[in-house]
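Numbering (UniProt numbering), first residue to last: 1 to 1033. Backbone N, C-alpha and C fix where the C-beta goes; we use that ideal spot for every residue, glycine too. Quantities reported herein were computed from a predicted structural model and do not represent experimental measurements. Report on one structure; see the data block that follows.
Here it is as structure tokens:
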């Protein structure tokens, strides 16, 4: 688990088994009648040699890629042959980003013997499972008449990841087979292998790609399984006819440890049964004056207390070293063994001269109280020189380690939210405080919301009391009067309810919270409908006249077709297809203004939070239609027929859904089923049509990224697209072709260059560059777009995107249309850390509180002690804030959770940090229609839905990430003036390169830094395009 904290998930799980028919064994036994299993010393020595060679190949020769860590354990079969279970942790640059990278390394197919006879023979001899099942019911793998290893597998054309995160390897129906025991076995019975390893070691060597947390406990089970056991019964023969005396069966049976001949030889030779690289050093700790004292029964107590081990434990010596060594104070206790080594004979720490080790603090149970909280602190705290330094936070010494943990945010407690509201009240208005409290409710972070309400309602109602004084003309009105107090509380609850309703929630959802009097809310039976009708129709008519007059000819034709479908009330499904800059958003605004000016309801939604901010009244599709996060072919939206959302949908005239290609087709189908169910009571002839007869317009560009399928293949991604849905058959495609974004100011040469650039982007997006493109092609990037003469490409990109940032970052709008992009989160983090380090001001560190969800249904084999808080802290998951968040005033950040979409606060919103408090962060919106608005952000509980994690855990952290740089996928939907694209590694999915390059408004606003495999700047990169997605357009 310590290795997992340092290096993340393991990537490969290898099982290597001794082969008794190795040529070396045969040579040793040549001329004798001895069987290999009767010479365990030979088998043990030879397997050890082969195992060492394999580890060397993996570590030093990088046969599967560069390795960060290796763990293995050796076991012995009942018949005696040894085998090893090996777990590999790869370096970040050598992990597999997609399943397409698996096939060149792992195969689960029988090779063509005409092309590679040697490999065919090896696979036939060592990598075929069975026969089992109906062909051999007595096979050892059979349990309850089924193969316990699930063989034979199914045929599959493409490697993919199943719903539990395990790989399903490619097993094509190639008609090749291997005959064993008279049974023909095909690719369904092949055990996954690596061709190079199999040829070199000529033994059973199963190679599995794991890359998920579940493999940790799987390996842990093997490492700690213990020896084989055997029960022996002592029986006396009775040759006489005399009656047998009473037998004590317990004493007649012995529970013994079973050692095979090979295992006995292995242990006699002192070969390692367990191996770890790098070494993990166990670090003891103790409470003040509670170090362990070891002494014999006859030892004098005074002599015992004078022992060096009592006065200078490893833990106490660490603090002594911190007092005398400045570099030591930069390390936590866990990090200390990476730079220092413990000298047991001298009872002190010395600076490490070679090798590398990592530390692991002894685990303790939460029931041990202060010792448990001390352990939490030791995983975070750097350089304490005494026990007094450990519970000291920001200069204040707490009385207990638990209090220090709470002050650092390492524990969950509603008190932090009370303190957050109190802290925000110093600079925020009562409206902002009520919004902050509503955010806490909608994010379900409060254990006892009624307690937080009772402790803070006076702060939440401050402005309301002032308004009551003006309304009643009673300047001396105070809360001492119970009648006034109850009235102010009621009005405050009403204002909070309004905020909740606009975010599809209500105080009624929280059983312990009070609810405002009905007199205040009876004015509107459905606030959602009221909100969608709350537009100034006269202003909208003026806006429509202006917008309609600016439409191009093709935009006007599309507008007329859609409006006619709405006016005829016959429904219809449209897809407006156009690349970035053809005016899709402009068309949405015109359609919305036209219908809203007539008192009709238009629902504007988008597939991403960023895109929704560009639409008036926009929401994300998932939040507006309550689409499930985890979708399948039978999913429906979480909308009950008579709910407010259902009634809103009944009154809706038109639904506009932007950036539709990003969503899995099951999302559209779920809405289709839901609308048909909601509208089935309506008297309409359109109910049998798609979406219950509602008019709906999708928009987007299939050159851009498609639905994200974790671990999905090309086939999986294309199949998940909207074009693969039954809905597409009813969809009418309307195309926009005129580019309205890439424009210049009149010079003929500039216009021509803009047109050339626009056409180049289209050719790139459609896979027409770089010759034949069957999914992935190498293309040349024009020289004028490249950074080629820099020894530090990151600094060059920073200077291009954020020129003189230290002088300009305080200017209004500086961050608005600038971003550095990269394909992966790892590279994005690298750039953000680089910029944060050079940014002025004091950095503040926020640590999350991580825990296994109490609602998690843990199975019997789940060992919760494996996933202590410090292990959970080390998990980095896409879309989840990291355990450690470092911020400075003035730094741009991105919101990672929908908080208040009406106010423009959704997943992907960019903000600038205004102030950093202890419990709350104040930030200003720098993108969208709410630019300049300020908000307070608390810590909230976030539960990731990641297949790599086989259990649910909650991270309580500020839902923010520094965003000088962002991933390409996060940038989709934005229009920027300056973009720097850093390709440390190539893009790996359809449309990523096109999305990155088409964010800019002009060619001179784009620069790329591309690194080759050796880390040198180049002008070539990969472009991934799945052309089959265009076939139905």
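(message) I need the DSSP call for residue 297, collapsed to helix, strand or coil.
(response) coil
(request) Assess, as a yes-or-no matter, whether the segment 796-809 is touched by the segment 876-883 under the definition of 3 or more beta carbon pairs within less than 8 Å. (result) no
(message) Using the three-state DSSP reduction, which class does residue 903 fall into: helix, strand or coil?
(response) helix
(message) As a quick exercise: from 92, 54 and 23, pick the residue whose alpha carbon is nearest that of residue 9.
(response) 92
(request) Determine the burial state of residue 425: buried for a count of at least 16 other Cβ atoms within 10 Å of its Cβ, exposed for fewer. (result) buried
(request) Check whether the Cβ atoms of residue 701 and residue 661 sit closer than 8 Å, and answer yes or no. (result) yes
(request) Determine, using beta carbons only, whether residue 3 and residue 334 come nearer to each other than 8 Å. (result) no
(message) According to DSSP, is residue 87 part of a helix, a strand, or is it coil?
(response) strand
(request) With a 10 Å radius around its C-beta and 16 neighbouring C-beta atoms as the bar for buried, classify residue 672 as buried or exposed. (result) buried
(message) Rounded to whole angstroms, what is the Cα-Cα separation between residue 532 and residue 698?
(response) 20 Å
(request) Using a threshold of 8 Å, state whether the C-beta atoms of residue 338 and residue 357 are closer than that. (result) yes
(request) Identify which residue in 981, 900, 841 and 543 has its Cα closest to the Cα of residue 916. (result) 841
(request) Could I get the ranges of all uninterrupted alpha helix (DSSP H) runs contained in the segment 972-1029, with 4 residues as the minimum, in chain order? (result) 992-997
(request) Tell whether a beta-carbon distance below 8 Å holds between residue 380 and residue 330. (result) no
(message) One question on the structure: do residue 737 and residue 967 come within less than 8 Å of each other, judged by their Cβ atoms?
(response) no
(message) In this structure, how does DSSP classify residue 429 when only helix, strand and coil are distinguished?
(response) coil
(request) Determine the direct distance from the alpha carbon of residue 733 to that of residue 574, and round the result to whole angstroms. (result) 6 Å
(message) Taking CB distances under 8 Å as the criterion, tell me whether residue 555 reaches chain C.
(response) In the structure shown, chain C cannot be found, because there is only a single protein chain.
(message) For residue 981 and residue 990, I'd like the C-alpha separation in whole angstroms.
(response) 17 Å
(message) I'd like to know whether the C-beta atoms of residue 416 and residue 999 end up nearer to each other than 8 Å.
(response) no
(message) Please list the terminal residues of the continuous alpha helix (DSSP H) segment that includes residue 74.
(response) Segment 67-76 is the beta strand (DSSP E) holding residue 74; no alpha helix (DSSP H) there.
(request) If I'm right that residue 821 touches residue 996 with Cβ under 8 Å, what's the distance once you round it to whole angstroms? (result) 5 Å
(request) Compare the beta carbon distance of residue 885 and residue 958 with 8 Å and say whether it is the shorter of the two. (result) yes
(request) Note down the Cα distance separating residue 435 from residue 527, rounded to an integer number of angstroms. (result) 17 Å
(message) Within 10 Å of its beta-carbon, does residue 725 have 16 or more other beta-carbons around it, so buried, or fewer, so exposed?
(response) buried
(request) Sort out for me which residues DSSP pairs residue 14 with in a bridge. (result) 86 and 207
(request) Out of 298, 978, 1011 and 326, state which residue places its alpha-carbon closest to the alpha-carbon of residue 1021. (result) 1011
(request) Indicate whether the contact test is met: 3 or more Cβ pairs, each with one atom in the segment 1014-1030 and one in the segment 750-769, closer than 8 Å. (result) yes
(request) Let me know if residue 870 comes out buried or exposed under the rule of 16 or more other beta-carbons within 10 Å of its beta-carbon. (result) buried
(request) Have a look at residue 188 and residue 393 and give me their C-alpha separation to the nearest angstrom. (result) 59 Å
(request) Please go through the same chain and pick out, in chain order, the residues whose beta-carbon is closer than 7 Å to the beta-carbon of residue 849, but skip the five residues on each side of it. (result) 409, 410, 411, 412 and 956
(request) Have a look at residue 463 and residue 428 and give me their C-alpha separation to the nearest angstrom. (result) 11 Å
(message) Quick check: the Cα distance between residue 501 and residue 600, rounded to an integer number of angstroms?
(response) 20 Å
(request) Starting from the Cα of residue 42, find the closest Cα among 53, 28 and 51 and give me that residue. (result) 28
(message) So for residue 695, helix, strand or coil by DSSP?
(response) strand
(request) Taking residue 613 and residue 906 to be in contact with their CB atoms under 8 Å, please state how far apart those CB atoms are, rounded to whole angstroms. (result) 7 Å
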